[in-house]
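Residue numbers (the working numbering): 628 to 692.
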């Protein structure tokens, strides 16, 4: 994806990454300064979709740091 080539971090260009991190009960967490999303290791695709939907549509700030 071309837009990923233009992502910047606090110290210059930084790739977008998805990290496996967190407890199964937690929502995904974004780190906008690092172009990273932390995704807990959910047990199913349906749980992943539900947690991502909840994080994007229902929470303020999407757990930004």
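Note that beta-carbon positions come from the ideal geometry of N, C-alpha and C, so glycine has one too. On a predicted model such as this, the values are computed, not experimentally measured, just so you know.
query, result
"I'd like to confirm the pairing. Which residues does DSSP put opposite residue 640 in its beta bridges?", "635"
"If we call anything under 8 Å between Cβ atoms a contact, is residue 651 one with residue 670?", "yes"
"Between residue 648 and residue 665, which are expected to be in contact by the criterion C-beta below 8 Å, what is the C-beta distance as a whole number of angstroms?", "4 Å"
"Could you give the residue range of the beta strand (DSSP E) that holds residue 666?", "663-666"
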